[in-house]
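Residue numbers -1 to 58, in my numbering, belong to the letters of the sequence shown in order.
Report on the following structure.
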Amino acid sequence: PGEIQVNGAAARLVTPGDLAIIIAYCRLPEDKIAGHQPRVVLLGPGNQITGTHEHHMHAP
-1 PGEIQVNGAA
9 ARLVTPGDLA
19 IIIAYCRLPE
29 DKIAGHQPRV
39 VLLGPGNQIT
49 GTHEHHMHAP
């Protein structure tokens, strides 16, 4: 298990138990972009996974 921390000025605006939206980004080589399918993971009480959604991207 890991630990989520809020750093910097934002750390003064949150307290344990607050809802957090966590976003991760990645850099992909151009030839991998078309096949990339981001996944959204939804968590419930106790950080248990309640669902996942895969999104199809449309690269420019």
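C-beta: ideal position from N, C-alpha, C; glycine also.
Shown here, Leu40 sits in a strand according to DSSP, grouped into three states.
In the displayed model, Glu28 falls within a helix according to three-state DSSP. In this structure, DSSP gives Gly49 an extended state, which the three-state scheme calls strand.
The residues Arg37, Val38 and Leu40, in chain order, have a CB closer than 8 angstroms to that of His51 in the same chain once the five nearest residues on each side in sequence are set aside.
Leu26 and Gln35 have their C-alpha atoms roughly 12 angstroms apart.
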